[in-house]
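Working notes for the structure below.
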Amino acid sequence: MIKIGITGSLASGKSTVAEIISEKKYPIFNADSIVKRLYKKKFFMNRLRKKFKFKSSPDLKKQIKIFIVNNKKNIKKIETFVHPFVRVELKKFLKKKIKKAIFEIPLLLESKLKKYFDIIIFVAANKKIRLKRYILKGGESTLFEILDNHQIEPSKKIKLCDYVINNNKTFSVLKKSVRKLKTKYE
Numbered sequence: 027m028i029k030i031g032i033t034g035s036l037a038s039g040k041s042t043v044a045e046i047i048s049e050k051k052y053p054i055f056n057a058d059s060i061v062k063r064l065y066k067k068k069f070f071m072n073r074l075r076k077k078f079k080f081k082s083s084p085d086l087k088k089q090i091k092i093f094i095v096n097n098k099k100n101i102k103k104i105e106t107f108v109h110p111f112v113r114v115e116l117k118k119f120l121k122k123k124i125k126k127a128i129f130e131i132p133l134l135l136e137s138k139l140k141k142y143f144d145i146i147i148f149v150a151a152n153k154k155i156r157l158k159r160y161i162l163k164g165g166e167s168t169l170f171e172i173l174d175n176h177q178i179e180p181s182k183k184i185k186l187c188d189y190v191i192n193n194n195k196t197f198s199v200l201k202k203s204v205r206k207l208k209t210k211y212e
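Going by this note's numbering, the sequence shown opens with residue 27, and the numbers climb by one from there.
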């Protein structure tokens, strides 16, 4: 299996790049989607509540955001709890008998997963543009800053990646850039 890892800063357009590369031909492992599914599972939510002593209420996500905003170190605690569950799903996905797969993992480098991929693509975008995208999706600027500052600096990530896609312009410009990049490794 040829494994293409896609990473990048918060709200840089990783999912869009993954979809363009896949062109519905290759499966995509999306770490963020796995986390969202976990948050819908009762067993996971119960363990999360117990671990961090969250109140039993339907608005657990809000409690988690407050937990992170109140102490920036809490993001690492949440990640330490969540990541093993994501890794289980990643290992299942890696066992599939497929020719090529795309792995969209925001913290690919921070989680030291580089060794598992044949190609790693970094999706870059200006911070102001990323913040605007994040807010348009319902995010808050305070949480954006905390999450963004928690990641390795883009300049350092770029050095660890095989290719960089710039996503500061329109979708059509992005699509052309991604298709041009694909000719380099296919």
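Where is the CB? At the ideal position from N, CA and C, for every residue including glycine.
I believe residue i touches residue j by the beta-carbon criterion, under 8 angstroms. Please report the beta-carbon distance rounded to the nearest angstrom.
| i | j | result |
| --- | --- | --- |
| residue 150 | residue 191 | 7 angstroms |
| residue 60 | residue 130 | With a Cβ gap of about 10 angstroms, residue 60 and residue 130 do not count as contacting. |
| residue 34 | residue 148 | 5 angstroms |
| residue 145 | residue 211 | 6 angstroms |
| residue 120 | residue 177 | Contact doesn't hold; Cβ gap of about 24 angstroms is too wide. |
| residue 173 | residue 92 | That belief does not hold up - the Cβ atoms of residue 173 and residue 92 are roughly 14 angstroms apart, past 8 angstroms. |
| residue 109 | residue 137 | 7 angstroms |
State yes or no: is the C-beta of residue i within less than 8 angstroms of the C-beta of residue j?
| i | j | result |
| --- | --- | --- |
| residue 205 | residue 36 | no |
| residue 94 | residue 169 | yes |
| residue 42 | residue 200 | yes |
| residue 186 | residue 135 | yes |
| residue 112 | residue 44 | no |
| residue 89 | residue 98 | no |
From residue i to residue j, what does the alpha carbon distance come to, in whole angstroms?
| i | j | result |
| --- | --- | --- |
| residue 197 | residue 96 | 36 angstroms |
| residue 181 | residue 195 | 19 angstroms |
| residue 215 | residue 28 | The structure shown does not extend to residue 215, since the chain is modelled only from 27 through 212, so no value can be given for it. |
| residue 154 | residue 166 | 13 angstroms |
| residue 87 | residue 76 | 15 angstroms |
| residue 67 | residue 179 | 33 angstroms |
| residue 140 | residue 184 | 13 angstroms |
| residue 54 | residue 30 | 9 angstroms |
| residue 69 | residue 117 | 20 angstroms |
| residue 161 | residue 124 | 36 angstroms |
| residue 49 | residue 163 | 24 angstroms |
| residue 107 | residue 175 | 20 angstroms |
| residue 32 | residue 189 | 10 angstroms |
| residue 203 | residue 209 | 10 angstroms |
In terms of residues, what are the limits of the alpha helix (DSSP H) holding residue i?
| i | result |
| --- | --- |
| residue 209 | 197 to 211 |
In terms of residues, what are the limits of the beta strand (DSSP E) holding residue i?
| i | result |
| --- | --- |
| residue 141 | Per DSSP, residue 141 belongs to no beta strand (DSSP E) and is neither H nor E. |
| residue 192 | 189 to 192 |
| residue 131 | Neither: residue 131 is in no beta strand (DSSP E) and is coded neither H nor E. |
When every heavy atom of the ligand NAD is checked, does at least one fall within less than 7 angstroms of the C-beta of residue i?
| i | result |
| --- | --- |
| residue 205 | Ligands displayed in this structure: none; no statement on the ligand NAD is therefore possible. |
With a threshold of 8 angstroms between beta carbons, is residue i in contact with chain C?
| i | result |
| --- | --- |
| residue 144 | Among the chains of the structure shown, chain C does not appear; only one protein chain is present. |
| alpha helix (DSSP H) segments (min. 4 residues) lying fully within the stretch 143 to 183 | 153 to 162 and 167 to 176
| query | Along the chain, which unbroken stretches of the alpha helix (DSSP H) at least 4 residues long are found entirely within the stretch 36 to 62? | reply | 40 to 48
| message | Please give me, in chain order, every unbroken run of the alpha helix (DSSP H) with length at least 4 that falls completely inside the stretch 56 to 127. | response | 57 to 64, 68 to 78, 86 to 96 and 100 to 120
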